[in-house]
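Here's the structure we're looking at; comments come further down.
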Amino acid sequence: MTDFFDREGDGKYDKAYKETTPDILKAFGDFNNAVFAEDGREIPLKYRELIAYAVGLTTQCAYCIDAHSNAAVKAGATETELAETAWTASAIRAGGAFAHGRLGFKLTGAHDH
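For the sequence shown, our numbering gives the first residue as 7, with consecutive numbering after it.
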């Protein structure tokens, strides 16, 4: 998917959102701005950006990885914090596969043999 990622050029494809659903686009922008407001939240912005970076890594969204890793650094995150966030996301993603792998045994009855 990252082959399609173009930081500078992809914004031109927002035209359909702007022309066909401007109310939803505005509502989403307002929501996103509220979530990532610099002040007025209990969780500091740096940590919210690191959380968003971790989610971007687990969903493998190049746009989220780009935006939130850079925003985290801008908010004061270090290279080590980015690395630890990536490892945390990796552990959760791998842990999910491990935990859900049990369903294979449950659903096939393989554990009964």
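Even glycine gets a Cβ: it sits at the ideal position worked out from N, Cα and C.
I'd like the list of long-range same chain contacts for residue i, defined as Cβ closer than 7 angstroms, with 5 residues on each side in sequence excluded.
{"i": "E44", "result": "L51"}
{"i": "A81", "result": "L51, K52, E55"}
{"i": "H74", "result": "E55, A58, Y59, G62"}
{"i": "I98", "result": "T64"}
{"i": "A95", "result": "A60, L63, T64"}
Leaving out the 5 sequence neighbours to the left and right, which residues in its chain are closer than 8 angstroms to residue i when beta-carbon positions are compared?
{"i": "I71", "result": "Y59, G62, L63"}
{"i": "G110", "result": "A116"}
Please list the terminal residues of the continuous alpha helix (DSSP H) segment that includes residue i.
{"i": "G35", "result": "28–41"}
Going by other Cβ atoms of all chains shown within 10 Å of its Cβ, with 16 needed for buried, is residue i buried or exposed?
{"i": "A78", "result": "buried"}
{"i": "A40", "result": "exposed"}
By Cβ distance below 6 angstroms, which residues in the same chain neighbour residue i in space, the five residues on each side in sequence not counted?
{"i": "Y23", "result": "L31"}
{"i": "F11", "result": "A68"}
>> Report the start-end ranges of each alpha helix (DSSP H) in the segment 54–97 that is 4 residues or longer and not cut off at the edges.
In response: 68–80
> Does the segment 82–97 come within contact of the segment 21–32, defined as at least 3 CB pairs closer than 8 angstroms?
Replying inline: no
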